[in-house]
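What follows is a short report on a single structure.
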Amino acid sequence: MVDVVKPLPMVRSSSGHFIPWNRQNIVNSLLKETKLATMFFGVRPMTEEEAESIALEVEAKIKSMDLKFISGPLIREIVNTVLLEKGSFNPLYRIYRNVYTRVGTPVYDAYEIDVGKGFEAKENANLQPNAETSHKKKADKTSKEEYLLLMPIELADAHLKGEIHIHDLEYFGTRPFCQDWDLRYFFYYGFMPDGMGIKTSVARAAQRAEVAVLHSVKVLAAAQTNFSGGEGFYNYLVFLAPYVRGLNYDNVKQLMQMMFYELTQIYVARGGQPVFSNIQITPGVPKLWEDVPIVARGRIGPDKYGDYEDEVRILYRALNEVALQGDYWGKPFNFPKLENGIVPELFNNEYDEEWLLAHKVVAKFGSPYFDNMIPEYRGYGKGVSCYQCLPGDELVVVRRNGSITALEVREVKTEDEILSCSMNSFNVEFSSPKSMLIKPYNGYMYTLQLEGGRRIRVTEDHPIPVLRNGKQITVPACEVRLGDGVFIVLKFPRNTVNEINVDESILSSKARYKLPGNIAVNRGFAELLGLYLAKGDAKKVPRGGIVRFSFGKHEGELAGYVKKLLEDIFHVKAHICEFKTAIVVQAGSIQLYRFLVEQLKVGRTSSEKDVPTIVFQFPNDAIWAFLKGVFKGDGGLFIGKNQRGYKTYSLQLRLSSKKACQKIVLLSGFVGLPLNYYEHRYGMNNKKIYVCRLTSRRAIECFMREEPVVKDSRITLKVKKIDREKFNGIVYDPVEIKGNHFVNALGVITHNCCAYNFVDTPDGDPEFEEKLYFVDGKHFSMGSWQVVTINLPRAAYKSKGEDDRLYEEVERLMDACVDVFKTKNQWMTLMIENNRIPFATQRPKDPVTGNRGPPPVNFEELVWTIGIVGVNEMVQYHTGYQLHESDEAVKVAVRLILEMKKYIKELEEKSGFKLALARTPAESCA
Numbered sequence: 005m006v007d008v009v010k011p012l013p014m015v016r017s018s019s020g021h022f023i024p025w026n027r028q029n030i031v032n033s034l035l036k037e038t039k040l041a042t043m044f045f046g047v048r049p050m051t052e053e054e055a056e057s058i059a060l061e062v063e064a065k066i067k068s069m070d071l072k073f074i075s076g077p078l079i080r081e082i083v084n085t086v087l088l089e090k091g092s093f094n095p096l097y098r099i100y101r102n103v104y105t106r107v108g109t110p111v112y113d114a115y116e117i118d119v120g121k122g123f124e125a126k127e128n129a130n131l132q133p134n135a136e137t138s139h140k141k142k143a144d145k146t147s148k149e150e151y152l153l154l155m156p157i158e159l160a161d162a163h164l165k166g167e168i169h170i171h172d173l174e175y176f177g178t179r180p181f182c183q184d185w186d187l188r189y190f191f192y193y194g195f196m197p198d199g200m201g202i203k204t205s206v207a208r209a210a211q212r213a214e215v216a217v218l219h220s221v222k223v224l225a226a227a228q229t230n231f232s233g234g235e236g237f238y239n240y241l242v243f244l245a246p247y248v249r250g251l252n253y254d255n256v257k258q259l260m261q262m263m264f265y266e267l268t269q270i271y272v273a274r275g276g277q278p279v280f281s282n283i284q285i286t287p288g289v290p291k292l293w294e295d296v297p298i299v300a301r302g303r304i305g306p307d308k309y310g311d312y313e314d315e316v317r318i319l320y321r322a323l324n325e326v327a328l329q330g331d332y333w334g335k336p337f338n339f340p341k342l343e344n345g346i347v348p349e350l351f352n353n354e355y356d357e358e359w360l361l362a363h364k365v366v367a368k369f370g371s372p373y374f375d376n377m378i379p380e381y382r383g384y385g386k387g388v389s390c391y392q393c394l395p396g397d398e399l400v401v402v403r404r405n406g407s408i409t410a411l412e413v414r415e416v417k418t419e420d421e422i423l424s425c426s427m428n429s430f431n432v433e434f435s436s437p438k439s440m441l442i443k444p445y446n447g448y449m450y451t452l453q454l455e456g457g458r459r460i461r462v463t464e465d466h467p468i469p470v471l472r473n474g475k476q477i478t479v480p481a482c483e484v485r486l487g488d489g490v491f492i493v494l495k496f497p498r499n500t501v502n503e504i505n506v507d508e509s510i511l512s513s514k515a516r517y518k519l520p521g522n523i524a525v526n527r528g529f530a531e532l533l534g535l536y537l538a539k540g541d542a543k544k545v546p547r548g549g550i551v552r553f554s555f556g557k558h559e560g561e562l563a564g565y566v567k568k569l570l571e572d573i574f575h576v577k578a579h580i581c582e583f584k585t586a587i588v589v590q591a592g593s594i595q596l597y598r599f600l601v602e603q604l605k606v607g608r609t610s611s612e613k614d615v616p617t618i619v620f621q622f623p624n625d626a627i628w629a630f631l632k633g634v635f636k637g638d639g640g641l642f643i644g645k646n647q648r649g650y651k652t653y654s655l656q657l658r659l660s661s662k663k664a665c666q667k668i669v670l671l672s673g674f675v676g677l678p679l680n681y682y683e684h685r686y687g688m689n690n691k692k693i694y695v696c697r698l699t700s701r702r703a704i705e706c707f708m709r710e711e712p713v714v715k716d717s718r719i720t721l722k723v724k725k726i727d728r729e730k731f732n733g734i735v736y737d738p739v740e741i742k743g744n745h746f747v748n749a750l751g752v753i754t755h756n757c758c759a760y761n762f763v764d765t766p767d768g769d770p771e772f773e774e775k776l777y778f779v780d781g782k783h784f785s786m787g788s789w790q791v792v793t794i795n796l797p798r799a800a801y802k803s804k805g806e807d808d809r810l811y812e813e814v815e816r817l818m819d820a821c822v823d824v825f826k827t828k829n830q831w832m833t834l835m836i837e838n839n840r841i842p843f844a845t846q847r848p849k850d851p852v853t854g855n856r857g858p859p860p861v862n863f864e865e866l867v868w869t870i871g872i873v874g875v876n877e878m879v880q881y882h883t884g885y886q887l888h889e890s891d892e893a894v895k896v897a898v899r900l901i902l903e904m905k906k907y908i909k910e911l912e913e914k915s916g917f918k919l920a921l922a923r924t925p926a927e928s929c930a
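So this is what it looks like as structure tokens:
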């Protein structure tokens, strides 16, 4: 009897056609689709031999079924069955199954979605059931399955178990999370809804107020197609104000009403819902923006936002009156969410009417938010964190009444000009601070000592710009590392003088020897000043004043030289007196005494000695002479040998005045001679001395030849030592200076306190000033790539009341969040490379130059957000008490948050991501 070979069934393909059975199609499909395993899991794809083996096994199973035809999806399920069976022996096949399986929904589940039941029927409070909602839910279900299958299995499991919650999972692979837009961008470049100008009309920048409002609404609507979360504008009313000048109040109110109705009646976003939107508003123009040129109607300036204070106040009142009235039925407007920014300069009696109106809206509807920028920790204006300051004795470079000097920061006044600079353009100039911050501080003070001994002493969170791995970044002092490069200013703008006019009050005083009315600033005068700083002293006596220079017995030639200089320059009679151990050059002259002590303020004794402010205006050859005079007097050349037997050289100057020593270091930069600086203690009384020195033979030779060692105006020096000490006292910092950085007396550049706070823009952004002024279209971009929330109550449950286990579990979940971000980052790279986020990446033409502008979103500024939910429930399970019931519960919560903030810094270092910690709504975590 001959066995009958059963024919294999015809195949109904996914495209709806019947085709003959071909095992090779399975092989080809496996080879193609398992390449995703490499992309998302980092494992190799299936080999041809493995695919052939799977295909044979599937063919055998289908033969045994005795079917007349078979569908493509059924074949795929049989393949997945085989992969699952093999996955029990080889984990690689479990991954192959994940990337090979189908995603979708059973017919009955799809039906339930259509009638408003089943899958996530009550998931989103912003969705109202309609036909578009049903379509979205089906798409959501498919997308969520896809993204869970294409991430590491343990991460998908953590989400499904509720340990973490991946927000807006349905959009995980296609778009970032949320974005706050800079409205100026669209008021300059115009509006292109599709980002390319192909499918939609392109509008130039709004010229009229109603068009400006409509464009602002449509920007947020268009952004919904590129982002999964909320969209908003910061500084909304300030940027809109230039458009409403000249309009009467009723027209302005109509514009605000139009804005509310447009955003709550554009019922097309994400499955048929209003645009999820927010706007940040203030009742006036914040100080930061007062002197910034406006951007409107495709132009920059010439007006400044501060010129539109009245318009901003009118807009604020009109907006709140509309919000208070509500819609036609009296219901509140759900969107946009109003975020009232409470800033110090606008929180006073002048704005009482505006704030009262905002509170009426809150009392009636409870909907607006208040963003309180006044507390210290928010880092705004006079509320700038007192932890970001300098101790009072830190010397900074200032210009007072036209004269350059170095003052202790506690001596600086608002009318003084501080040497400031921009870290982007490195434009160095003097500018006056808006105010001086003076705060009590109890914490750690950090001293950052650089190679060569220069240093700066700051509070632990004070921002320091550093060069790390070839990249300029700004970090708190407590995060500065050994080896980081710190920026040093050597040269800065100054005017030079060729002569000094002796004060008339000095010339008119009765004296035997009269000083000339004008003293020429030449090498002799400069060298004599340097020698006085090192060797001189002065005192007042009943019949006048005495100026003396004291030298060693071996310095007779130098003493004679000083005698000649005194007589030639000042027209006085000088005498040389020889003693057993010293030679003294002495001149009796009340006018010379007063000129040095009162006019130049060089000082009388060694502890009072200071570099005269006029020296900073000397020509370079006179500065060389001054420096040589100081070193001739108190300096010494030391030649020794190191441990290897090589000669070492050190040209040193020791002074008992910190201010004088640091000024000499600062002065040396003008001639390209970056002196080293050290502080030492010696003797029974632990007395401190201050040392300037050169330690390289080449530098010493350059000094002797008066040649610059460094020609650049800025250098970097590596951090060699970091000291930390407890401090309890008053700290100081200038608020709002040009460039947002200033220079201490040793040339070290550091950040200043700023009266603004953009949480998504680091204080140290080197382009902050350019973004503020919209230079070349640069602007602010703030948002988040993704939010993943940690379920804290579940972490407490797993820790079983043990603190250490709780912290370990939360850190484990934070690690999982970062791993989710890594997967998301892969997706976002793919989306950007394939131009799948066109609105956010558009580059419209500049209306003035015709060149392509920057994109509206700077993806480098987006952060990755780790959310927390259930703090109260966590401490309740962990301690048995809620937050309001026990101090111990509060301590556990606070310590956990602090531990998370500390660990997030470690995660940033490891991952390279900008991470943020935020409270988040429960959503599906509940």
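The sequence shown lines up with residues 5 to 930 when you count with this note's numbering. Cβ atoms here follow ideal geometry from the backbone N, Cα and C, with glycine treated the same way. Quantities reported herein were computed from a predicted structural model and do not represent experimental measurements.
Apply the 10 Å Cβ neighbour rule to residue i and answer buried if 16 or more other Cβ atoms are within range, or exposed otherwise.
i: THR286; result: buried
i: ALA759; result: Confidence in ALA759 is poor, its pLDDT being 38 and thus under 50, which makes the residue's placement unreliable; the coordinate value appears in the next sentence. Buried, by the Cβ-count rule.
i: HIS882; result: buried
i: HIS163; result: buried
i: LYS291; result: buried
i: PHE762; result: Only weak support exists for where PHE762 lies, its pLDDT of 39 falling under 50; the value from the coordinates is given anyway. Burial call: buried.
i: GLU913; result: exposed
i: ARG702; result: exposed
i: CYS390; result: Any reading at CYS390 needs caution, since the residue's pLDDT is 39, under 50, leaving its predicted position unreliable; the model's value is listed next. The residue in question, CYS390, is buried, as its Cβ has 16 or more Cβ neighbours within 10 Å.
i: GLU235; result: buried
i: PRO95; result: exposed
i: GLN846; result: buried
i: VAL119; result: exposed
i: TRP333; result: exposed
i: ASP356; result: exposed
Tell me whether residue i, by its Cβ, gets closer than 7 Å to a heavy atom of the ligand SAM.
i: PRO13; result: Looking at this structure, you won't find the ligand SAM or any other ligand, since it has none at all.
Can you give the beta carbon distance from residue i to residue j, rounded, assuming they're within the 8 Å contact cut?
i: TYR193; j: ARG414; result: 47 Å between Cβ atoms; not a contact.
i: LEU342; j: ILE283; result: 7 Å
i: ILE460; j: ASN748; result: 5 Å
i: ILE668; j: VAL634; result: 6 Å
i: TRP789; j: LYS828; result: 6 Å
i: THR509; j: LYS742; result: Checking the sequence, you will find Ser at residue 509 rather than Thr. Actually they do not touch by this definition, with Cβ atoms about 36 Å apart.
So if DSSP puts residue i in a beta bridge, which residue, or which two residues, is it bridged to?
i: SER220; result: Per DSSP, none; premise fails for SER220.
i: TRP185; result: PHE237
i: SER509; result: None; SER509 has no bridge partner.
i: PHE44; result: Answer by DSSP bridge pairing: none, since PHE44 is not bridged.
i: ASP375; result: GLY345
Confirm, please, whether the CB-CB distance from residue j to residue i is below 8 Å.
i: TYR238; j: ASP184; result: yes
i: MET818; j: ILE870; result: yes
i: ALA664; j: GLU531; result: no
i: ALA322; j: LYS257; result: yes
i: ILE468; j: LEU454; result: no
i: GLY931; j: VAL316; result: This structure does not reach residue 931, given that the chain is present from 5 up to 930, and the question cannot be answered.
i: LEU679; j: ARG697; result: yes
i: GLY456; j: TYR694; result: no
i: LYS140; j: PHE123; result: no
i: PRO480; j: HIS466; result: yes
i: PHE778; j: ILE304; result: yes
Counting only runs that start and end within the region 128-185, where is the alpha helix (DSSP H) found for 4 or more residues in a row?
135-153, 157-165
Alpha helix (DSSP H) segments (min. 4 residues) lying fully within the region 776-805:
796-803
Secondary structure, beta strand (DSSP E): runs of 3+ residues fully inside the region 411-468
Every beta strand (DSSP E) of 3 residues or more that sits fully in the region 411-468 is shown, in chain order, as 421-426, 432-435, 439-454, 459-463.
For the region 828-879, list the beta strand (DSSP E) runs that are entirely contained and at least 3 residues long, ordered along the chain.
867-873
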